[in-house]
Amino acid sequence: MKSLAGAAAKRLAYEIVGWLLVVAGIAALILPGPGLLMVFGGLAVLSRQYAWARRYVEPVRLRALRGAAEGVETWPRIVASTLGALSIGAVGVVFLVKPPAPHWWPLEASLWLLGGDWTGVTLIGSCIIALAVLGYSYKHFHGHPDARHQLDESIEHTGEMNKVA
């Protein structure tokens with residue numbers, strides 16, 4: 053009986069973590085953060101229990117890699133991606149430092165920097181993840197057109213497989 057309870061608790065934990073990652077990933081597609089990577093992680097966790105999630109893991113992984121590869125195709129993109137990541141981190145630091153509302157702030161001072169410390173921590177975390185992904189992408193894709201070509205072929209092949217299934 054104890055093993056059944058343990059298995060149920062493990063299944064519930066995977067379910068919660070998977071869905072949290074998927075929902076947070078969808079939000080991060082719009083907000084600052086590694087959206088496709090989080091969706092991929094959530095689907096990977098959910099794929100342990102659901103066949104439908106298994107079907108989507110590889111296509112989402114490949115598209116996340118394609119986005120990472122596109123971010124390092126040219127030096128202007130590398131610079132823009134780096135500055136974007138560092139800007140998100142800088143805003144996170146501002147949330148942690150909590151400066152007073154500036155004189156030009158039109159709303160009540162209590163509405164300045166809503167979210168508090170956790171907003172700052174998540175923004176800094178997003179910055180670190182973005183810089184790590186940028187480093188990975190640079191190492192694996194910048195100056196490696198064959199790797200990008202192989203990735204595009206894999207995406208095409210996955211799309212064809214999904215049409216058949």
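Here the sequence shown is numbered in the working numbering, starting from 53 and rising by one per residue.
Think of the CB as a built atom: it goes at the ideal place given N, C-alpha and C, for glycine as much as any other residue.
Reference residue i; option with closest CA among the options
| i | options | result |
| --- | --- | --- |
| Cys179 | Ser139, Trp156 and Ser206 | Ser139 |
| Trp127 | Trp157, Ser189 and Val91 | Ser189 |
| Ala137 | Trp156, Pro197, Gly168 and Val185 | Val185 |
| Phe147 | Ala80, Pro154, Gly168 and Glu67 | Gly168 |
| Val181 | Ile68, Val143 and Pro86 | Per the sequence shown, residue 181 should be read as Ile rather than Val. That would be Pro86, whose Cα lies nearest to the Cα of Ile181. |
| Arg113 | Gly77, Gly58 and Lys150 | Gly77 |
| Leu183 | His155, Gly141 and Ile82 | Gly141 |
| Glu67 | Ala80, Leu56 and Tyr102 | Tyr102 |
| Val69 | Tyr108, Arg100 and His192 | Arg100 |
| Arg200 | Ala116, Tyr108 and Phe92 | Ala116 |
| Val145 | His196, Trp170 and Pro154 | Trp170 |
Where residue i falls: helix, strand or coil (DSSP)
| i | result |
| --- | --- |
| Gly119 | helix |
| Lys150 | coil |
| Glu125 | coil |
| Leu166 | coil |
| Ser99 | coil |
| His196 | coil |
| Pro158 | coil |
| His72 | Residue identity check: residue 72 is Leu in the sequence provided, not His. In this structure, Leu72 counts as helix in the three-state DSSP scheme. |
| Leu83 | coil |
Status (buried if at least 16 other CB within 10 Å, exposed otherwise) for residue i
| i | result |
| --- | --- |
| Glu110 | buried |
| Val216 | Confidence in Val216 is poor, its pLDDT being 46 and thus under 50, which makes the residue's placement unreliable; the coordinate value appears in the next sentence. By the 10 Å Cβ count, Val216 comes out exposed. |
| His194 | buried |
| Val124 | buried |
| Glu208 | exposed |
| Gly58 | exposed |
| Ala60 | exposed |
| Leu88 | buried |
| Touching or not, the segment 122-142 and the segment 156-174, by the rule of three or more beta carbon pairs under 8 Å? | no
| message | Does the contact criterion of 3 or more C-beta pairs under 8 Å hold for the segment 84-96 versus the segment 65-75? | response | yes
| Do three or more CB pairs link the segment 118-126 to the segment 154-169 at distances below 8 Å? | no
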